[in-house]
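Taken in order, these protein sequences are the chains called B and W. For the first sequence, the residue numbers in the numbering used here are -14 to 153. For the second sequence, the residue numbers in the numbering used here are 4 to 487.
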Amino acid sequence: MKKIILVSGVLLFLVCAFFLPGDLLLWQSRAELGEVSTVSKESYQSEAYALAREASARLSREEKLSLVRGEWESEISEAEEFEMQLQGYEAVRMAREQMQKMYEEGEFPADLSELYQNWYGWQVTPYKAVDATFHTYTAYYWEIVFERFDRKKSYTVRMLEDGTIFTY
Amino acid sequence: MKFRNKVLIMNVLLLSAGLGLVGYLMIRKNFEILQRAGLSRAVVENNLVQSSVEYDLLQVLNSTGYQEKEEQSRAWQMRRELAEIGGRVKGSMMMTDTAFYIYYKSSYEYSSDGGENRIPVRLFYNMRAGEKNYLVCEEEGRKVIYVTSCSLVGEQYLHIISRSDISENYKVLTEQIWYFRLVILVVLAAASLLMLLVSRYLTRPLELLNQASSEIARGDYSQRVNVSSQDEVGQLAGQFNRMAQAVSDHIVQLNEMVHSREQFVADFTHEIKTPMTAIIGYADTMRSMELPRQEQILALNYIFSEGKRLENLSGRLFELLYLKRTDIERQPVHISDFIAEIREITEPIMKRGKLSITTDVEDGVIWVNRELFVTVFVNVIDNARKASCPGGEIRILGRRTETEGEGAYEFSVEDDGIGMNEEEVKRMWDEFYMADKSRSRKEGGAGIGMSLVALILSRHGAEWDVESSPGHGTKIRIWIEGGE
C-alpha cells in the first residue's frame, strides 16, 4: 500500500511537472486578455521637441507660415537653441545673404553687407509656433534684429529655418 | 525501498521540478518579450495613423470656411471630413493587416474594416488627451491588440484606434509549450536512465557492504569488501574490513578459548581419572582378597602416592584460580639473595637427578611477589631437570638490560636436555600439557606448572620466550622491569 502511494505520488509529480508549467502559461496568457492598460509614454514619445520635429516635417512652407502668422490657430513662444536646426550665426549669415540680394534688387532699403562702413550688428532669437489643437505641429523661425553701429537705424527680419524671409 | 532507488526518485523529482520551473520562466519571459514587441509595433502603427489623421485635420480646422461656420454645421463638417480623412489615410497606408477607426464625439466616424462594433468601450474609459491605451483580446479565435490615442479637438475627444493581429505570439507560445513538453520528456527519460546507472555505480560499494554484512551475520567471518575509492564510502569499506577482521580475530580467540576450556576439562578429567583408577583398583584388590603383607604395603604406597598426586594437582589448580582472581603484592627482591634461595630449594632434587646447577647473575633489585617468583623459578628449573639426563647441568643467568628504552632485568634458565619441537614449545604453557607424559607423571607432574609460570609472569607484566629444539636443550628467558 505504501509503495502504491509512493509510486502514485511520484507519477503525479512527474505529470504535474510535465503539464503544469504549460497550462499555467496558457492560463496566464488568457487571464491577461481583456485588460485595458495605459501605454507608457516612453514607449511612443521621445523628447517633446523630437516628436514635434517628426510631425512638423509634413508641414509645407505655406502651412508653416500660416502657423507663424496665426492664420492657423497657434501658440508662439521662444524656442530653445537646441530645438533649432541652425546655429544663430548661421541663420544670420543666411538672412544677410538674402537681404543683400533684396537690397541689390531694390526691395530692401539698407545694405547689410559687412564690407561697408555702415556696419550692422545683429541680435537673434529663435521662436516656435505650435498648433493650438494637437500641440504637435510646429513652425520654427528666427527673428533677427540688424542695428547700425550708430544705433540710428535698425531692421527686424523674420526667417523660417529653410531661409524663407517673411513678414507678419 | 533500495537506497539507489530513493536516490533515483529524488533526483528525477528534483530534475523535473527544476526543468518545469526553468521552462516556465523562460517561456514566460519569451512571451513577454514577444508581447512587448507586438505592443511596440501596434503603438508605432497607431502613431502613424494618428499623425496622418491629425495632419489632415489640422488643415480642416484652420480653414476659413470651417471657422466661420455655426457649431452645428462645424460638427457635421467635422464628421464628414473625418470620414474622408480616414479613407485617404487608409489609401496611403502600407499596413495591410492593421485596421483603424476614428471615434469622435461618441460615435465612430470612420472604420477601415467595418469592425468597430467589436471594439470594447472600456478601451476609452478615463482617458486624457495625449494618452494612449491598449487592450489585448480574442476575436473569432484570433488574438488582437487595440491601441487608441486621445486628442482634444474642439472640446470633444478624438480617438484614433488601431487594431493589429498578434495571434502569432500566442501560436509561438503554444508551440514553445509543446516543444518544452517534448524536451522535458526526452530529458527526463535520458536523465533517469543516466541517474539509474550513476546511482547503481555510486551505491555499488554500499551494496557490497550490505552483502558482506549479511554473510558475516550468517557466520562467514572471512567476508571482506573490495572498494578502492578514497571517498567516504571507500573509508567506510576500509573501516568495515578492519571491523570484520577484528570480529574474526575475536571469534578465533573465542574458539581457541572454548577449545582450551574443553581441552582443560578433558585433561583435568584424565588427570583425575588416572590416579583414581589406580587408587580404586588397589583398594578393591585389598578388600577383595587377603594379600601378603609386602603386597599390601606396595598397594598402600601406590594409593598414597596417587593420593598425593591428586592433592598436588588440586593445590596447583587452586593456585591458578587464586592468582587469576586476586591482586598480587610486590616487594623489592635482591636478585643475588633470591637466586641463592632458589639454589637452596632446588639443591635436593638436583642431587637426586645427579644434576648440577650453576648461576651467573648480576646483582640488582626487582619489584615482584617473592613467593610467586620462587614458584616461577622452581617450576622452570624442575622442568629443566625433568628434561635433562643424569650428569647434566642447568644454568641460571641474570643481567641488567633494557626493554623499550627502560631499565629491565633478564633471567635465563638453560639446560642441555632433550629439548622440544615447535609444537611442544607452543603448547607448553597450556594447562595439563606434558611434552613427555610418562616421564612427567613418573616425576609427579600434573602439567600445571608452566601454566602457573605463564600466569605469574603475565600478572607481573613480564615478558618471556623459549628457544628449544629436540636434542639441543631449552633456554627460557624472562624480562621484568627494574633491576637497578
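Note that CB positions come from ideal geometry on N, CA and C, so glycine has one too. All figures in this text were calculated on a predicted structure; none of them were measured in a lab.
- Following the DSSP letters along the chain, one finds M289 (chain W) inside the alpha helix (DSSP H) bounded by residues 235 to 291.
- Bounds of the alpha helix (DSSP H) holding R15 (chain B) are -13 to 16.
- F119 (chain B) belongs to the set of residues whose beta carbon lies under 9 Å from a beta carbon in chain W.
- A distance of 9 Å or more separates the beta carbons of S114 (chain W) and K146 (chain W).
- Against chain B, the CB of E57 (chain W) has a partner CB under 9 Å away; the residue lies at that interface.
- As computed with DSSP, D468 (chain W) is found in a beta bridge with W:R480.
- With respect to the C-alpha of V189 (chain W), the residue from W:L239, W:G241, W:V15 having the closest C-alpha is W:V15.
- Annotation for S339 (chain W): the continuous alpha helix (DSSP H) segment containing it runs 338 to 355.
- Secondary structure at E60 (chain B): strand, using DSSP grouped into helix, strand and coil.
- Rounded to the nearest whole angstrom, the C-alpha separation of L239 (chain W) and D468 (chain W) is 39 Å.
- Using a C-beta cut-off of 8 Å, the region 120 to 136 of chain W makes no contact with the region 30 to 41 of chain W, since fewer than three inter-stretch Cβ pairs fall below that distance.
- Distance from the Cα of A86 (chain W) is smallest, within the candidate group W:D363, W:T101, W:N136, W:E57, for W:E57.
- Per DSSP, the continuous beta strand (DSSP E) segment holding K135 (chain W) begins and ends at 135 to 142.
- Annotation: K327 (chain W) to H253 (chain W) spans about 21 Å, alpha carbon to alpha carbon.
- From the listed residues W:L191, W:M130, W:P295, W:I360, the smallest Cα separation to P393 (chain W) is found for W:I360.
- Residue contact with chain B for G94 (chain W): absent (no Cβ-Cβ distance below 9 Å to any residue of chain B).
- Shortest Cα-Cα distance from R82 (chain W) to any of W:L161, W:D100, W:E71 involves W:L161.
- Taking the Cα of T404 (chain W) as reference, the smallest distance to any Cα among W:S76, W:V268, W:I481, W:V46 is reached at W:I481.
- According to DSSP, A114 (chain B) shares a beta bridge with B:I61, B:A124.
- Counting only Cβ-Cβ distances below 9 Å, G19 (chain B) has contacts in chain W at P123, R125, L138, V139, C140, E141, in chain order.
- Taking the Cβ atoms as the reference, S391 (chain W) lies roughly 18 Å from D363 (chain W), outside the contact range of under 8 Å.
- Beta-bridge pairing by DSSP links M29 (chain W) to no other residue.
- Assigned with DSSP and collapsed to three states, L97 (chain B) falls in coil, not helix or strand.
- Cβ contact annotation for F34 (chain W) (same chain, cutoff 6 Å, sequence separation greater than five): L176, in chain order.
- Listed in chain order, the non-local C-beta contacts of V230 (chain W) below 7 Å within the same chain comprise P208, L211, V236, G237, A240, local neighbours out to five positions each way being set aside.
- The alpha carbon of S110 (chain W) has as its nearest neighbour, out of W:E259, W:I163, W:V255, the alpha carbon of W:I163.
- Looking at the DSSP output, L145 (chain B) bridges to B:Y126.
- Between H463 (chain W) and R333 (chain W), the C-beta spacing is below 9 Å.
- Within its own chain, the residues whose Cβ lies closer than 7 Å to the Cβ of A465 (chain W), once the five positions on either side in sequence are excluded, are I481, W482, I483, listed in chain order.
- In the DSSP assignment, L400 (chain W) forms a beta bridge with W:D363, W:S415.
- Contact of R43 (chain B) with chain W by beta-carbon distance below 7 Å involves Y58.
- Per DSSP, reduced to three states, the secondary structure at Q297 (chain W) is helical.
- In chain W, no part has a C-beta under 9 Å from the C-beta of Y88 (chain B); the shortest such distance is about 34 Å.
- Shown in chain order are the members of the region 64 to 82 of chain W whose Cβ falls below 7 Å from a Cβ of chain B: L64, N65.
- Per DSSP, Q70 (chain W) is one residue of the alpha helix (DSSP H) stretching across 67 to 70.
- A residue is called buried when at least 16 other Cβ atoms come within 10 angstroms of its Cβ; G148 (chain B) does not meet this threshold and is exposed.
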